[in-house]
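Report on one structure; see the data block that follows.
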Amino acid sequence: MKPLLAKFFCRVFLFFLCLSPGLWGQDSPRDSLESGPFTIFFHPEDRNRAVVVDQVLANARPRLEGFFRTTVPAGMRIELLTGLESEQQERNLPRWAGALYLTRQFRILINPPQQGAGLRGLEENLTHELVHLYTDVKLGIQQLPLWYVEGLAEYFSGETIGLGEGITLSHALAARQIMDLDAISGVLGFSANKANLAYLQSLSAVMLLRERFGADSNWQDFHDSVVISGWATAFPKYTGMEYPHFNDFWYETISGRYRWLVLFNAELLFWVMLLLGGIAGFVAVKIRTRRKLRHWAREDSEEGNWEDRFFA
Ligand SMILES: [Zn+2]
Numbered sequence: 003m004k005p006l007l008a009k010f011f012c013r014v015f016l017f018f019l020c021l022s023p024g025l026w027g028q029d030s031p032r033d034s035l036e037s038g039p040f041t042i043f044f045h046p047e048d049r050n051r052a053v054v055v056d057q058v059l060a061n062a063r064p065r066l067e068g069f070f071r072t073t074v075p076a077g078m079r080i081e082l083l084t085g086l087e088s089e090q091q092e093r094n095l096p097r098w099a100g101a102l103y104l105t106r107q108f109r110i111l112i113n114p115p116q117q118g119a120g121l122r123g124l125e126e127n128l129t130h131e132l133v134h135l136y137t138d139v140k141l142g143i144q145q146l147p148l149w150y151v152e153g154l155a156e157y158f159s160g161e162t163i164g165l166g167e168g169i170t171l172s173h174a175l176a177a178r179q180i181m182d183l184d185a186i187s188g189v190l191g192f193s194a195n196k197a198n199l200a201y202l203q204s205l206s207a208v209m210l211l212r213e214r215f216g217a218d219s220n221w222q223d224f225h226d227s228v229v230i231s232g233w234a235t236a237f238p239k240y241t242g243m244e245y246p247h248f249n250d251f252w253y254e255t256i257s258g259r260y261r262w263l264v265l266f267n268a269e270l271l272f273w274v275m276l277l278l279g280g281i282a283g284f285v286a287v288k289i290r291t292r293r294k295l296r297h298w299a300r301e302d303s304e305e306g307n308w309e310d311r312f313f314a
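Going by the working numbering, the first residue of the sequence shown is number 3, and it counts up by one from there.
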């Protein structure tokens, strides 16, 4: 499994469908923990994870409330699923989902830890879903483009575009795999690889918007404006361009920034490192041999039998 894919399996996504209540073992016995307006539901063996969720909430809530300029009402639910409940969930959802947010129900479902994923994975997943929840409470998530919803959650949970992500984008550009931003609305039906690219594109688009806003306060004003007058009206007011033009602007920008990175890939870097390592080893052996010869020569000349030993 490639590292990027492994990371992706901890990833989370937004579930738009309105699911029938009572699914996924709501009637099974559960403990609960109150955390502000949130109630965390868990099975007794999951108490440690519930405590971590409580801590993540305590850290994330002030940031989210500040950024979205809103609080959330009481009655928000976070449910830690067991393996069985997670299996039931997989009948309806892609296998790559680590957690999900159910709009209208204000519920966050968190899958059992994937193999190898530690608490860091839980924190990332939960923060991502909390951004969805706050986006929903503040803006009404279903009136927004999905790329914006996912990109915002990725950005806020600390994801960024480093060299590895830039290389992924450059290869997708070269292979013409980049999709229109509006096509990202179909992410639920994507394979893991394609969904991974969709999240990365979403993040890059939100980061570009952030650049155009210039400051977080303008971004917050934009959200307030979306609440009052809707996305289509607020967008040109705060970005200087009509929304239908944004896709082309975004594509040209990422193309200019990342296309050249196609020269780099992991395999090429591996061979370059191997070659450099080989050259360094060869030089080190040469230097050591020369030093040894000099050392022997010095010993021999001191003993006065240099010529005997060397030319015998
Ligand atoms: Zn998401």
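Note that the Cβ used here is the ideal one computed from N, Cα and C, for glycine as well.
Query, Result
"CB contact flag (Ala174, Val189, <8 Å)", "no"
"Cβ-heavy atom distance, Glu152 to ligand 1, below 7 Å", "yes"
"In chain order, each alpha helix (DSSP H) run of at least 4 residues that lies wholly inside the segment 208-236", "218-231"
"Three or more C-beta pairs below 8 Å linking the segment 212-223 and the segment 240-249", "yes"
"DSSP state of Phe10 mapped onto helix, strand, coil", "Since pLDDT at Phe10 reaches only 44, below the 50 mark, its modelled position is unreliable, and no value is offered."
"CB-CB length for Asn127 against Ala101, believed under 8 Å", "4 Å"
"Length at least 4, wholly inside the segment 152-198: the alpha helix (DSSP H) runs in chain order", "165-176"
"Residue interval of the beta strand (DSSP E) (run including Thr255)", "Per DSSP, Thr255 belongs to no beta strand (DSSP E); it is in the alpha helix (DSSP H), 245-260."
"In DSSP terms, what Ala101 is bridged to", "Ile112"
"Reduced DSSP category for Thr291 - H, G, I as helix; E, B as strand; rest coil", "helix"
"Cβ-Cβ distance between Ala60 and Thr129 below 8 Å", "no"
"Beta-carbon separation (whole angstroms), Thr105 vs Ile143, contact threshold 8 Å", "5 Å"
"Residue burial classification, Leu277 (beta-carbon count within 10 angstroms, cutoff 16)", "exposed"
"For Asn113 and Val74, the rounded distance between their alpha carbons", "23 Å"
"6 Å CB neighbourhood of Glu125 in its chain, flanking five on each side removed", "Val58"
"Any non-hydrogen atom of ligand 1 closer than 7 Å to Ala155 Cβ", "yes"
"Neighbour-count burial assignment, Pro23, 16 or more Cβ in a 10 Å radius", "Caution is warranted here: a pLDDT of 40 is assigned to Pro23, below 50, making its placement in the model unreliable, and no coordinate value can be reported."
"Check whether Phe43 and Arg51 have beta carbons under 8 Å apart", "no"
"Rounded separation between Trp26 and Leu132 - CA only", "With a pLDDT of 45 at Trp26, under the threshold of 50, the modelled position of that residue is not reliable, and no figure is offered here."
"Those residues which DSSP pairs with Leu84 across a bridge", "This sequence places Thr at residue 84; Leu is not what is there. Answer is none; Thr84 lacks a bridge partner."
"Residue range of the alpha helix (DSSP H) that includes Glu67", "49-70"
"Any C-beta of chain D under 8 Å from that of Leu154", "Although the question refers to chain D, the structure presented lacks it and comprises just one protein chain."
"Residue from Trp98, Phe108, Arg300, Arg65 with nearest C-alpha to Gly191", "Trp98"
"Cβ-Cβ separation, Ser172 to Arg261 (assumed contact under 8 Å), whole Å", "6 Å"
"Closer than 7 Å: His247 CB and nearest ligand 1 heavy atom", "no"
"Pair within 8 Å by beta-carbon distance, Ser204 and Ile256", "no"
"C-beta atoms of Ile180 and Trp149 nearer than 8 Å", "no"
"DSSP three-state assignment for Leu202, whether helix, strand or coil", "helix"
"Cβ-based neighbour list, Tyr157, same chain, cut-off 8 Å, excluding 5 preceding and 5 following", "Leu205, Val208, Met209, Arg212"
"Under 8 Å between C-beta atoms of Pro147 and Asp184", "yes"
"Rounded distance between the beta-carbons of Phe40 and Lys140, thought under 8 Å", "With 8 Å as the limit, Lys140 and Phe40 do not qualify as a contact, their Cβ atoms being about 16 Å apart."
"Bridge partners - Thr41, DSSP secondary structure assignment", "Glu36, Arg79"
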